[in-house]
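In my numbering, the protein residues as written are 8 to 95.
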């Protein structure tokens, strides 16, 4: 009986360790740093298409569209920062 209880506990404790990007509501891509990429950063971090610099795991619907819009927003902000004399 103790053996069954031990293995059951091991399975329950070990299960959350196998989480993939996209399990908790994100776009489902792992960035170059090894961390999951959020919706706000997918265009800047991954590029367009997201598989340019990121690895797909559990890809969410709409993540490719978010990358397109995110890349455009990043480029527009970069242009505005350049016009203001900033280079960040």
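Don't be surprised by glycine CBs; every beta carbon is placed ideally from N, CA and C. These numbers were taken from a predicted model, which means no experiment stands behind them.
Residue 62 has 37 as its beta-bridge partners, per DSSP.
The DSSP-derived three-state label of residue 43 is strand. Ranked by how close their Cα comes to the Cα of residue 28, the residues 72, 59 and 63 have 63 in first place.
The criterion of a C-beta distance shorter than 8 angstroms is not satisfied by residue 39 and residue 70.
Residue range 49-53 is occupied by the alpha helix (DSSP H) that includes residue 52.
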